[in-house]
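Student: Supplied in structure tokens, the structure appears directly below.
Residue numbers (our numbering), protein chains in the order written: chain X, 455 to 767; chain G, 455 to 767.
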């Protein structure tokens, strides 16, 4: 029984121990697949699309998705460059739903007169909830269907749904995805109030809000925060808020201070192998492989970049 | 802009503000539907199936599912009655996955010689991963399909998948569901090591582990814990563990100290109305109703019991 939990938990992590000798061809583990990956299968996020949000507890990295929500990406860049977010706060943590940050003076109970200026950023933006389906965008389609959309898969490192009949595609509210809060009017969002999904994918929000990117590092800093005790998870006590020290675009940091991270390309062979290994896991622990996989159950691997550039031939 | 966030967030909670006057027949909110519910639509969990886990931060209530995992329920009752869990700890919190508690001496790095005795509880149990499909159990089938199973719905307050072809049904690993850790051998689980799902439903675990029940109160106490820094989210530093003060069966508490909670029946009209309202939300905020719903996106309402018994005629 000594190894009971380590083994059980390895399986739970889908990084099971190697199969027992009586099992042929066990499914490779994620670690094994990643160890075999080629350097060219990894990409360095464009520093113009990488937000570095500094909390007192650590660093959160958010990759923007300008091919899906370009006007929001531009507005958020404008705000980050004006240091708009510095000193704002995480104002809401609702269990199994979202962590949200914005200007507390813009929330109920705040003082509109003290609200921070958006500066050169736009106050309203067209609702970038969907975009015209572009067959030229990379597309890794999943084979097992989806409850909500005709097709789902990955594009440029993001979970995406497609509807060929309507000619639309959109980013999906999976765990770790970041969206822009808004008022009743569909054009009332501007990227100054952002939320990250910290629970079961709230797919009913898809096509109703602009999803602007994905947290690629630091999700535990957002997901493990104390839940707010007020309505909808707002902090009833302002002292419970987490202050945002700063938000910078990686492109605006000195090269030496830019985050050195790489993301596995979602159109790579290794990513496809990871998906297949999770769909049909055969090893000593699993008695029944799922045979299927849901879009939001798939992690997109991120790693620290090697000291030497990996993309040199 | 004053109300921007309150409104946007009401919608995010799927408790939107009342629709604007120019919208006909807005979807009722969850609050409205629950306010109209009948007393008989609520049930008081059987105190023989209700675990009360006391942490220093508060109370976690877990409802056992003896119609699905009867031997695990019996073993856990035996352990709770022997105060087996008192003084054990939450040893692992892995982001977007599980929070787990057990005897730390049984984990890697523990001292098997100091491992707590299971007393009269069984050390191994048959693998209660699925059960024969019983058409006599209540069944609220969902209409929108599922990526993993032929049919999904609710039975006796739990999310359930069914395969009529194989004649099996099983509890599903949705957010808040509780399972029993085990070793490689399928019969090596016994209920002494338990985990609760704190992220996107890890459906690949379905039919591979015994799901023993559901957290009906206190999920934030489990989901907002500091993530473990060791492999698979184990706490590398034992001082970061959360101690379990006690676990008792409600039936063993004096009547006055039993939790006074009620759970909405999943075969009630109000529950069906809640599902439909979430599938097709039409109000001032939502521009596109999802038209579908995923099993693990549905909350099962729990409330404090009224002072006067509600189930009297």
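From the three backbone atoms N, C-alpha and C, an ideal C-beta is built for every residue, glycine too.
Fair warning: this is a prediction, and the values are worked out from it, not measured in the lab.
According to DSSP, which residues form a beta bridge with residue 650 of chain G?
Tutor: Within the second chain, the letter at position 196 stands for residue 650 of chain G. Residue 650 of chain G is bridged to G/553 and G/632.
Student: For residue 479 of chain G and residue 588 of chain X, what's the separation of their Cα atoms in angstroms?
Tutor: Position 25 of the second chain, counted from the start, is the residue given in the question as residue 479 of chain G. Position 134 of the first chain, counted from the start, is the residue given in the question as residue 588 of chain X. When rounded, the distance between both Cα atoms is 36 angstroms.
Student: Tell me, please, whether the CB atom of residue 739 of chain G is closer than 9 angstroms to any CB atom in chain X?
Tutor: Walking along the second chain from the start, residue 739 of chain G turns up at place 285. Yes, its Cβ sits closer than 9 angstroms to a Cβ of chain X.
Student: Taking any Cβ of chain X, which residues in the region 543–554 of chain G have a Cβ under 9 angstroms from it, in chain order?
Tutor: Result list: 545, 546, 547, 548, 549, 550, 551, 552 and 554.
Student: Between the Cα of residue 585 of chain X and those of X/572, X/699, X/523 and X/495, spot the shortest distance and give me the residue it belongs to.
Tutor: Taking the first chain and counting its residues from 1, the one referred to as residue 585 of chain X is at position 131. Nearest of X/572, X/699, X/523 and X/495 to residue 585 of chain X, Cα basis: X/523.
Student: Do three or more CB pairs link the region 592–600 of chain X to the region 510–520 of chain X at distances below 8 angstroms?
Tutor: Judged by Cβ distances under 8 angstroms, the region 592–600 of chain X makes no contact with the region 510–520 of chain X, as fewer than three pairs qualify.
Student: Where residue 666 of chain X and residue 638 of chain G are concerned, what is the direct C-alpha to C-alpha distance, given to the nearest angstrom?
Tutor: Here residue 666 of chain X refers to the residue found at position 212 when the first chain is read from its first residue. Here residue 638 of chain G refers to the residue found at position 184 when the second chain is read from its first residue. Roughly 42 angstroms separates the two Cα atoms.
Student: Name the two residues that bound the continuous alpha helix (DSSP H) containing residue 610 of chain X.
Tutor: Within the first chain, numbered from 1, the residue matching residue 610 of chain X stands at position 156. Note, residue 610 of chain X: premise wrong, no alpha helix (DSSP H); not H, not E.
Student: Please check if any C-beta of chain X sits within less than 9 angstroms of the C-beta of residue 679 of chain G.
Tutor: Walking along the second chain from the start, residue 679 of chain G turns up at place 225. Cβ-Cβ to chain X under 9 angstroms: yes for residue 679 of chain G.
Student: Express the C-alpha separation of residue 482 of chain X and residue 475 of chain X in angstroms, rounding to a whole number.
Tutor: The residue you call residue 475 of chain X lines up with position 21 of the first chain. The residue you call residue 482 of chain X lines up with position 28 of the first chain. Note that residue 475 of chain X has pLDDT 38, beneath the 50 cutoff, so the model's placement of it is unreliable and the number below is only indicative. So the alpha carbons of these two residues sit roughly 15 angstroms apart.
Student: Using CA coordinates, which residue listed in X/721, X/739, X/700 and X/757 is at the minimum distance from residue 509 of chain X?
Tutor: Here residue 509 of chain X corresponds to residue number 55 of the first chain, with the count starting at 1. Here the closest residue by C-alpha is X/700.
Student: Are the CB atoms of residue 658 of chain G and residue 740 of chain X within a distance shorter than 9 angstroms?
Tutor: Within the first chain, the letter at position 286 stands for residue 740 of chain X. Within the second chain, the letter at position 204 stands for residue 658 of chain G. Cβ distance < 9 angstroms, so residue 740 of chain X and residue 658 of chain G count as in contact.
Student: What residues in the region 652–673 of chain X have a beta carbon less than 9 angstroms from any beta carbon of chain G?
Tutor: Hits within the stretch, in order: 652, 653, 654, 655, 656, 657, 658, 659, 660, 661, 662, 663 and 673.
Student: With respect to the alpha helix (DSSP H) encompassing residue 508 of chain G, which residues constitute its N-terminal and C-terminal limits?
Tutor: Within the second chain, residue 508 of chain G is the residue found at index 54, counting from 1. Counting along the chain, residue 508 of chain G falls outside any alpha helix (DSSP H), though it belongs to the beta strand (DSSP E) covering 504–509.
Student: Can you find the residues in the same chain that come closer than 7 angstroms, C-beta to C-beta, to residue 557 of chain G, ignoring five residues on each side of it along the sequence?
Tutor: Numbered from 1 along the second chain, position 103 holds the residue referred to as residue 557 of chain G. Once the five neighbours on either side are set aside, the close Cβ partners of residue 557 of chain G are 542, 569, 570 and 646.
Student: Which same chain residues, not among the five before or five after residue 712 of chain G, have their C-beta less than 7 angstroms away from its C-beta?
Tutor: Translated into the one-based positions of the second chain, residue 712 of chain G becomes position 258. Cβ within range, chain order: 501 and 704.
Student: Spell out whether any CB of chain X is found under 9 angstroms from the CB atom of residue 602 of chain G.
Tutor: The count along the second chain starts at 1 and reaches residue 602 of chain G at position 148. It does; some Cβ of chain X falls within 9 angstroms.
Student: Any idea if residue 611 of chain G is buried or exposed, counting beta-carbon neighbours within 10 angstroms, 16 or more meaning buried?
Tutor: Looking up residue 611 of chain G in the second chain gives position 157. Buried is the call here.
Student: Between residue 691 of chain G and residue 624 of chain X, what straight-line distance do the alpha-carbon atoms span, to the nearest angstrom?
Tutor: Position 237 of the second chain, counting from 1, holds the residue named residue 691 of chain G. Position 170 of the first chain, counting from 1, holds the residue named residue 624 of chain X. Straight-line Cα distance between these residues: approximately 42 angstroms.
Student: If distances are taken between C-alpha atoms only, which option among X/706, X/714 and X/673 comes closest to residue 550 of chain G?
Tutor: Indexing the second chain from 1 puts residue 550 of chain G at position 96. Here the closest residue by C-alpha is X/673.
Student: Please name the residue, chosen from X/702, X/546 and X/636, that lies closest to residue 684 of chain X on a Cα-to-Cα basis.
Tutor: As a first step, residue 684 of chain X must be located in the first chain, where it is residue number 230. Comparing Cα-Cα distances from residue 684 of chain X to each of X/702, X/546 and X/636, the minimum goes to X/546.
Student: Terminal residues of the continuous beta strand (DSSP E) containing residue 523 of chain G?
Tutor: The residue labelled residue 523 of chain G in the question sits at position 69 within the second chain. Neither: residue 523 of chain G is in no beta strand (DSSP E) and is coded neither H nor E.
Student: Measure from the C-beta of residue 746 of chain G to each C-beta in chain X and report whether the shortest distance is under 9 angstroms.
Tutor: Reading the second chain from its first residue, position 292 is the one you call residue 746 of chain G. Cβ-Cβ to chain X under 9 angstroms: yes for residue 746 of chain G.
Student: If distances are taken between C-alpha atoms only, which option among X/669, X/566, X/758 and X/677 comes closest to residue 653 of chain X?
Tutor: Walking along the first chain from the start, residue 653 of chain X turns up at place 199. Nearest option by C-alpha distance: X/677.
Student: Under a CB-based cut-off of 9 angstroms, is residue 530 of chain G close to chain X?
Tutor: On the second chain, position 76 is the one that residue 530 of chain G refers to. Cβ-Cβ to chain X under 9 angstroms: no for residue 530 of chain G.
Student: Show which residues of chain X have a CB atom less than 8 angstroms away from the CB atom of residue 735 of chain G.
Tutor: Mapped onto the second chain, residue 735 of chain G falls at position 281. Result: 658.
Student: If you follow the beta strand (DSSP E) that residue 703 of chain X is part of, which residue opens it and which one closes it?
Tutor: Taking the first residue of the first chain as 1, we reach residue 703 of chain X at position 249. Residues 696–703.
Student: Check whether chain G comes within 9 angstroms of residue 404 of chain X, counting only Cβ atoms and requiring the distance to be less than that.
Tutor: In the structure as shown, chain X begins at 455 and stops at 767. Residue 404 of chain X is therefore absent and cannot be evaluated.
Student: Could you work out which residues of chain G lie near residue 629 of chain X, taking near to mean beta carbons separated by less than 8 angstroms?
Tutor: Your numbering for residue 629 of chain X matches position 175 in the first chain. Those within 8 angstroms of residue 629 of chain X in chain G are 550, 653 and 654.
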